[in-house]
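To start, the structure under review is shown below, and the notes come after it.
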Amino acid sequence: MVQLTQKFQSFDEYLSYNDNSEKFYELFNGELIEMPPESGFNVEIATFLLIRFALILGHRRVRGQGLELEVRGEPKNRYPDLTIIR
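This is how it looks when you write it as structure tokens:
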């Protein structure tokens, strides 16, 4: 993991940041922390669960990776592997 020196005062400021890369970052105490790439085994598990939940709940209520959520505490954001929408 690589820490970058970019500082952010707000979550909105972080969301508007673009470094033109495909990397994922967590915002921790105003600083970006690069996230390691996802393992193949993790992708297999998340895909299996996504398919199972989509069959049970319907495809509109299940999302795979691609959502970024703001959370309380530190780090301020998360990239869930799987999200179920109410």
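Just remember that our numbering sits 158 ahead of the position in the sequence shown, which is counted from 1. By construction, the Cβ of each residue, glycine as well, lies at the ideal position given by its N, Cα and C atoms. For clarity, every value in this text was computed on a predicted model and none was experimentally measured.
From residue i to residue j, what distance separates their C-alpha atoms?
i: GLU228; j: SER174; result: 14 Å
i: TYR237; j: GLU192; result: 12 Å
i: ASN178; j: LEU208; result: 28 Å
i: TYR183; j: PRO195; result: 11 Å
i: LYS165; j: GLN223; result: 26 Å
i: HIS217; j: GLY231; result: 31 Å
Who does residue i pair with in a DSSP beta bridge?
i: GLY222; result: LEU240
i: GLU184; result: ILE191
i: ASN235; result: GLU228
Using CA atoms only, rank isn't needed, just tell me which of the options is closest to residue i.
i: ASN187; options: THR241, GLN223 and PHE169; result: PHE169
i: PHE172; options: ASN235, ALA204 and ARG244; result: According to the sequence displayed, residue 172 carries Tyr and not Phe. For the residues ASN235, ALA204 and ARG244, the minimum Cα distance to TYR172 belongs to ASN235.
i: PHE211; options: LYS181, GLU192 and ARG244; result: ARG244
Given that a residue counts as buried once 16 or more other Cβ atoms are within 10 Å of its Cβ, and exposed if not, what is residue i?
i: LEU215; result: exposed
i: LEU190; result: buried
CB-CB under 7 Å to residue i, same chain, minus the five flanking residues each way: which ones, in chain order?
i: THR241; result: ARG221 and LEU225
Who are the near neighbours of residue i in its chain, counting only those whose CB is closer than 8 Å to its CB and skipping five residues on each side?
i: LYS181; result: GLU192 and MET193
Which same chain residues, not among the five before or five after residue i, have their C-beta less than 6 Å away from its C-beta?
i: ASP239; result: ALA204 and GLN223
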